[in-house]
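Using our numbering, you'd call the opening residue of the sequence shown number 926 and step up by one each time.
From the three backbone atoms N, C-alpha and C, an ideal C-beta is built for every residue, glycine too.
Because the structure is a prediction, the values reported are computed rather than measured.
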Amino acid sequence: MYKSLKEECFEANMQLPKLGLVIFTFGNVSAVDREKGVFAIKPSGVPYEFLKAEDIVIMDFDAKVVEGKMRPSSDTKTHALLYKTWNDIGGITHTHSTYAVSWAQAGLDIPIFGTTHADHTHQDIPCATVLSDEMIQGDYEFETGNQIFDCFREKGLSHKEVEMVLLQNHGPFTWGKNAEKSVYNAAVLEEIARMAYLTLQINPATPKIKDTLRMKHFERKHGKNAYYGQGC
């Protein structure tokens, strides 16, 4: 019943080690089927070299197992809450990629310095502040989802325009129209994080990109009159 969804999720997960975004058992990708009201997610603690499509676990939006013999990712409640609240996203990726995690551990937004960043979002990449002790000791993964929502609300951001976030002391989450796009966004985030870090090493006083250039690059790719690429 869920074979194609499991395959989609499996293929997306297998991109993480290929792209150098994870090692060992780190990270996870999920994929949603809105019509059936379920999502597929990587099982917890399974090394990628041993992962099979049939191992993928099917969950509902209340983070309850619908189908699967293995325990789902420990981040499942975060994925479930994001799907339940943002009903236009189709895939979510969580990694522990080096540069993105480094910015998260520093507790800093990633400033928008250049057009590579602006091609994907016209905002700084936000870093959500660390959870309270009560939240950490309570329903941690559920509260991690709320941490993301609070960050976007406080910073006045749209999840449609900024498809990525850093969680302080933790790491990145990205999302997109499907699982493949969420992985793409995770790879883009890691590259943006690396470029920003190197920029500040070369010149710690580097200013952000000027507004006209920032919006030109974003709008030509994502605006109503976008002309980047070959179209449909």
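Indicate the three-state DSSP secondary structure (helix, strand or coil) for residue i in the structure shown.
i, result
"residue 964", "strand"
"residue 1057", "coil"
"residue 971", "coil"
"residue 1097", "strand"
"residue 1075", "helix"
"residue 1138", "helix"
"residue 956", "strand"
"residue 1090", "strand"
"residue 1155", "coil"
"residue 1108", "helix"
"residue 1118", "helix"
"residue 937", "helix"
"residue 1131", "coil"
"residue 1080", "helix"
"residue 977", "coil"
"residue 947", "coil"
"residue 1070", "helix"
"residue 1065", "helix"
So, is residue i buried or exposed, given that buried needs 16 or more other C-beta atoms within 10 angstroms?
i, result
"residue 1051", "buried"
"residue 1098", "buried"
"residue 1000", "buried"
"residue 1125", "exposed"
"residue 1153", "exposed"
"residue 1123", "exposed"
"residue 1038", "buried"
"residue 935", "buried"
"residue 1139", "buried"
"residue 975", "exposed"
"residue 1083", "exposed"
"residue 1089", "buried"
"residue 1127", "exposed"
"residue 1151", "exposed"
"residue 1121", "buried"
"residue 1134", "buried"
Just to check my reading of the structure: residue i and residue j have Cβ atoms closer than 8 angstroms, yes? What is that Cβ distance to the nearest angstrom?
i, j, result
"residue 968", "residue 996", "6 angstroms"
"residue 983", "residue 1107", "Contact flag wrong, Cβ pair sits at about 18 angstroms."
"residue 1081", "residue 1006", "So it is not a contact: roughly 21 angstroms between Cβ atoms."
"residue 939", "residue 973", "6 angstroms"
Indicate whether residue i and residue j have their beta-carbon atoms separated by less than 7 angstroms.
i, j, result
"residue 1025", "residue 1115", "yes"
"residue 1015", "residue 1102", "yes"
"residue 1066", "residue 1003", "yes"
"residue 955", "residue 948", "no"
"residue 1072", "residue 1053", "yes"
"residue 1021", "residue 1096", "yes"
"residue 1143", "residue 1042", "no"
"residue 1027", "residue 953", "no"
"residue 928", "residue 981", "no"
"residue 944", "residue 1118", "no"
"residue 1093", "residue 993", "no"
"residue 987", "residue 963", "no"
"residue 1034", "residue 1013", "no"
"residue 957", "residue 1008", "yes"
Of all the alpha helix (DSSP H) runs that stay within the bounds of the segment 979–1062, which reach a length of 4 or more residues?
Counting whole runs of 4 or more residues, the segment 979–1062 contains the alpha helix (DSSP H) stretches 1001–1010, 1023–1031, 1040–1043, 1058–1062.
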